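The opening residue of the sequence shown carries number 2 in our numbering; numbering runs sequentially from there.
Even glycine gets a Cβ: it sits at the ideal position worked out from N, Cα and C.
Just so you know, these numbers come straight off a predicted model, no measurement behind them.
Have a look at the structure below before the remarks.
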Amino acid sequence: MTSFVSFVVLAVGFLFAISTGALKAEGRKTEARVGFFFSALLLIMAWVIA
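Structural data, given as structure tokens:
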């Protein structure tokens, strides 16, 4: 169960990272910074859960 939850959190973190890259390419720096913060937070949560 915990491995499934960590996998879901990891997948969402990677999606945030991909969308952050897309926002950065569009030149929207503030949203990119927020997205990077969220993706880092989710990856840390996945590491803690695992």
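Check whether the Cβ atoms of Ala47 and Leu11 sit closer than 7 angstroms, and answer yes or no. yes
Expressed to the nearest angstrom, what Euclidean distance is found between the alpha-carbon atoms of Gly22 and Val9? 20 angstroms
Under a three-way DSSP split, which group does Arg29 fall into? coil
Are the beta-carbon atoms of Ile45 and Val6 separated by less than 7 angstroms? no
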